Amino acid sequence: MEDFFETRIDGVNGEIVGLFGVFDGHGGARAAEYVKRHLFSNLITHPKFISDTKSAITDAYNHTDSELLKASENSHNRDAGSTASTAILVGDRLLVANVGDSRAVISRGGNAIAVSRDHKPDQSDERERIENAGGFVMWAGTWRVGGVLAVSRAFGDRLLKQYVVADPEIQEEKIDESLEFLILASDGLWDVVSNEEAVAMVKEVEGSEDSAKKLVGEAIKRGSADNITCVVVRFLEKASSSHVSSSSSKESNQMPPLGDLKISSNETNQVQIDSENTSTGNKPENRKPVAASSLTEQVNRKPVSASSSTDADQSGSGGEMKQTPF
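Just so we're aligned: the sequence shown equals residues 1 to 326 in the UniProt record's numbering.
(1) Using only the alpha-carbon positions, how far apart do N111 and R153 sit?
(2) So, do the stretch 152 to 167 and the stretch 72 to 88 have three or more beta carbon pairs nearer to each other than 8 Å?
(3) Report the option in R234, F136, G21, G28 whose CA atom is closest to the CA atom of I175.
(4) Helix, strand or coil for D101? Go by DSSP, reduced to three states.
(5) Just confirm the distance between the C-beta atoms of E172 and R93, as a whole number of angstroms; I'd bet it's less than 8 Å.
(6) Provide the residue span of the beta strand (DSSP E) that contains R8, from first to last.
(7) Compute the Euclidean distance between the alpha carbons of T142 and R129, then round it to the nearest angstrom.
(8) Just checking my contact of L160 with V151 at CB under 8 Å: how many whole Å lie between their CB atoms?
(9) Can you list, in chain order, the residues of its chain with a C-beta nearer than 6 Å to that of W190? Leave out the 5 residues immediately preceding and following it.
(10) Reducing DSSP to helix, strand and coil, say where L89 ends up.
(11) Identify, in the order they occur along the chain, each residue of the same chain with its Cβ nearer than 8 Å to the Cβ of I50, setting aside the five sequence neighbours on each side.
(12) List the residues that DSSP assigns as beta-bridge partners of A84.
(13) Which value, in whole angstroms, describes the spacing of the CA atoms of V232 and F181?
(14) Compute the Euclidean distance between the alpha carbons of R287 and G223, then round it to the nearest angstrom.
(15) On the three-state DSSP scale, how would you describe S124?
(16) Contact defined as beta carbons within less than 8 Å: I believe L95 pairs with K36. What is the distance between those atoms, to the nearest angstrom?
(17) Excluding the five sequence neighbours on either side, which residues of its own chain have a C-beta within less than 6 Å of the C-beta of F4, listed in chain order?
(18) Could you check what DSSP says for K174 in three-state terms: helix, strand or coil?
(19) So who's on the other strand from F235, going by DSSP bridges?
(20) For the beta strand (DSSP E) containing F23, list its first residue and its last residue.
(21) Is DSSP giving F155 helix, strand or coil here?
(22) When you compare only the Cα positions, how much space is there between N74 and E218?
(23) At the level of alpha carbons, what is the spacing between L69 and Y61?
(24) What are the boundary residues of the alpha helix (DSSP H) that V137 is part of?
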């Protein structure tokens, strides 16, 4: 199992922010685990995180990549890599940043909209960038950078770093009454389920946990031969400003709402499953989807005390869940 995910609610400069991500590793789990542990911490400590969030995201992605390469220099997993599909909620803004082929899809007004682009070597602009840097793209079962890697952007991948960058593409969406939910998932889902099908499946189920389970289960039924990780975030109420008011900012252990977004243990959940060998019909015994609640408190219209979030430390065997206060 080389997939990881992270969900966090944090207070930054008096404002509540939501941080959600899916990280799909290759060449071992080391890179994906490192990005899961460090990317969001690097982001929220960036001096321009609130004032210039897009540039802060780009800096955090590249800084995390540089630090990963340094940290893994003498590791046996020194050539591992990882995708990252992340969603950052600040006030009434949803910023989606992507590197690699994990994907973010929203439902707005009932329509499925991809808010990230899969980074593949055969895309004309990606191929041109790689070739201009001195690399090449060739067919080896699929289009690959240097005949090796099937994604054109990633964290890590030391031997291909000159061509396989960690520069994120960022798309911003407004959080309003038309925005219904967000799906973040690794390519184990998207290889067999279209954006429109995924949105339709989530619409049929009331809870986010059950929605995530349904998506993973459907991908397994359709024979996905990859690890599958899915995060579903529902937007339940009309969004408004989430800046701290003068009264709430003075209350001890109080934080303002994240817009009017409501997140509870039933509203933001992730399901992970190792689906390797499904194409051959040899399913591991632990194939049953396991849901992990990301929060134990609600963030609603009234300022609330800081709640705890679930920090999922995962390994190839599925990982251990622990509660960590933010």
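For each residue, glycine too, the CB sits at the ideal point set by N, CA and C. All figures in this text were calculated on a predicted structure; none of them were measured in a lab.
On the basis of the coordinates in this document:
(1) 28 Å
(2) yes
(3) R234
(4) coil
(5) 6 Å
(6) 3 to 12
(7) 19 Å
(8) In fact, because the Cβ distance is near 10 Å, the residues do not count as touching under 8 Å.
(9) R103
(10) strand
(11) V12, N13, E15, V90
(12) V99
(13) 7 Å
(14) Bear in mind that the predicted position of R287 carries a pLDDT of just 30, short of 50, making it unreliable; the figure below should be weighed with that in mind. For R287 and G223, the distance between alpha carbons rounds to 13 Å.
(15) helix
(16) The Cβ separation is near 18 Å, so there is no contact.
(17) F23, A32, E33, K36, Q314
(18) strand
(19) None, per the DSSP bridge assignment.
(20) 15 to 26
(21) strand
(22) 40 Å
(23) 13 Å
(24) Here V137 belongs to no alpha helix (DSSP H); instead the beta strand (DSSP E) covers 137 to 139.
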